[in-house]
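Below is one structure; the comments refer to it alone.
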Amino acid sequence: MSEWLVLTIAMAAACAVVLTIVVINHRRIPEDDDPSETPDVIEYMTMMIGVVYAIVLGLAIAGVWEARSAAQDTVRQEAQALHEISARAEVYPQAVRDRIRADVDAYVAYVVQDEFPYMAEHGELNDRGTELMEKVRRSVTDYQPANDFEGQAYQPLVDQVAVADDARGARGQNAGETMPGVVWFGLIIGALVTVGLIFTLQIRRTGRELLLAGLFSALIAFLLFLIWDFDAPFGRGISATAAPFTDLFPQLTE
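For what it's worth, this note's numbering labels the leading residue of the sequence shown as 416, then goes sequentially.
This is how it looks when you write it as structure tokens:
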């Protein structure tokens, strides 16, 4: 059973239960009942719907912002691990050292110039970047240390390759949109209901009321846009950047 079918059944069941209880309760009300003695249910429902929707909006904004921050952290972790590989390769012979650094530079240059734009457009990593990362791994692991000094540097280099590869995988997982469709459905329906409740409060054409109604609607639209903009950590305006790579490998931007 799909999640949309479960959602539809749950919403229909909730509405049916509430309406059934209201109808049964209305039939039991005596004819001499005075409704003016009970509080206005519309004001209470309007307040509660606004509060619930505000909580949902706050949680959604916090969730997409956290995902964006986590995506930027993975980029920083990947760049730092690659920088450590280049720096720690200093203990190896010049030919091996130059090969490792050349492979790292080639990978970083490709990530900054090609893979980040590809991620923004397609929401995933590409095979070429994976091949270049594998080439970095082979450059590090295929070399056999010639002495104890090189042997002490070998395992930390292998560990940094694993860290960079793991960060790359996390970057790929964060490349696409993070908000499920069912959450967007709830946010949009909630916005329509919340804004629609303005018309149940006997709004008039006074300048003050029209201004407040317009500002309220604009605020809801802005918050939904903010969630949409943060939803793709690498694909939209306020997105994770390749700055950690360019900061740690300035020679590639010269």
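Heads up, the beta-carbon is just placed ideally off N, CA and C, and yes, glycines get one too.
Note that the C-beta distance between R503 and A568 is below 7 Å. When C-beta atoms of the stretch 491 to 511 are compared with those of the stretch 559 to 577, three or more pairs fall below 8 Å, so the two segments count as touching. For I613, no alpha helix (DSSP H) run applies, since DSSP gives it neither H nor E. Of the residues assessed, P508 falls on the exposed side of the cut-off, its CB having fewer than 16 other CB atoms within 10 angstroms. In the three-state DSSP reduction, P659 falls in the helix class (H, G or I).
Per DSSP, the unbroken alpha helix (DSSP H) holding D513 starts and ends at Q509 to Y525. If you draw a straight line from the Cα of G601 to the Cα of A524, it is about 41 Å long. By the criterion of a C-beta distance shorter than 7 Å, T609 is surrounded in its chain by I464, G465, Y468 and I635, once the five residues flanking it on both sides are discounted. Across the set V555, E565, W643 and D580, the C-alpha of W643 shows the shortest separation from the C-alpha of P595. Here the alpha carbons of F649 and M534 stand approximately 7 Å from one another. For F660 against V527, the beta-carbon gap comes to about 5 Å, under 8 Å, which counts as contact. With fewer than 16 other Cβ atoms inside 10 Å of its own Cβ, Y459 counts as exposed. Annotation: the continuous alpha helix (DSSP H) that includes E546 extends over D542 to T556. In this structure, L474 lies away from L638, with their beta-carbon atoms at least 7 Å apart. For I457, the closest alpha carbon among the candidates A633, L612 and R623 is that of L612. DSSP, read as helix, strand or coil, puts F600 in helix.
Residue environment for A482: buried (at least 16 other C-beta atoms within 10 angstroms of its C-beta). Less than 7 Å separates the beta-carbon of Y522 from that of V551. Per DSSP, reduced to three states, the secondary structure at F645 is helical.
Each residue's CA atom was taken as its position, placing A494 and Q487 some 11 Å apart.
When the Cα atoms are used, L540 and G478 turn out to be separated by approximately 23 Å.
Under the 10 Å beta carbon count, N589 is surrounded by 16 or more other beta carbons and is classified as buried. Take the alpha-carbon of E624 and the one of G605: they are about 22 Å apart. Taking C-beta atoms as the reference points, F531 and A657 count as a pair closer than 7 Å.
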